[in-house]
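Here is the structure we will look at, set down as structure tokens.
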Amino acid sequence: MKGLKKGVVLLIILVVIIINVLSTECRNPVLHRVGGGRFSWNPKSNLTDWSIHEQFYVGDWLYFGFDKRIYNVLEVKETSYENCEEKDFITNVTRGGRDVFNLTEAKVYYFLSGRGFCFIGMKVAVPVEEFHPQAQDDDIFLSNGFSFHNYGSLCYGQIILLAMLFTTLTCIINL
């Protein structure tokens, strides 16, 4: 009888943990190709239009593809961005012409290309937000207020955690 009570308690604990894990949605970082293409950091790309149609979150990455002999990528402050001033840049992103930049904070990042190219449109403002999961059409709502998103949105770590918990509790119940 004691073993049965122990098993029921552990099962309840497992169900509560599963509810908490499933109700937490996570998001994998996204790699955004600046300008929309493989080598679109150039004066022909409409970078402002591209940025307006993208959604950027903390943890995402920007990919800048360009000819490093001609262009460069500088992270600058807002006033430098507005005036196309490159001298007081924050970070020189330029490495090899296929460069990435991690968006680590919720803020607006400003990038430009020096050597006069900023004046002909080679600059982009990237507004970055914290990720806040929202209810979606394929969410399942329960009467107690919990919601579960479809299993396709589970992160790998959540699945591993559930498997470890299940294995551990199964071993404990069988003792």
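Numbered per mature numbering (1 follows the signal peptide of the UniProt record, and there is no 0), the sequence shown spans residues -23 to -1, 1 to 152. By construction, the Cβ of each residue, glycine as well, lies at the ideal position given by its N, Cα and C atoms.
Check                                                                                                        : Outcome
Helix, strand or coil at Ala140 [DSSP, three-state]                                                          : helix
Element boundaries [alpha helix (DSSP H), containing Trp27]                                                  : 24 to 29
Alpha-carbon spacing of Arg15 relative to Ala140, whole angstroms                                            : 39 Å
Outcome for Phe78 when other beta-carbon atoms lying within 10 angstroms are tallied against a minimum of 16 : buried
Sheet register partners of Glu52 (DSSP bridge)                                                               : Thr68, Phe88
Residues near Trp27 in its chain [Cβ-Cβ closer than 6 Å; skip 5 each side]                                   : Gly12, Gly13
Helix, strand or coil at Glu59 [DSSP, three-state]                                                           : helix
Beta-ladder partner(s) of Ala83, from DSSP                                                                   : DSSP, once it has assigned bridges, lists no residue as partnering Ala83.
Cβ-heavy atom distance, Phe143 to the ligand MG, below 7 Å                                                   : As for the ligand MG, it is missing from this structure, which has no ligand bound.
Assigned secondary structure, Gly103 (DSSP; H/G/I helix, E/B strand, else coil)                              : Reading off the sequence, residue 103 comes out as Val, not Gly. DSSP places Val103 in strand when its eight states are reduced to three.
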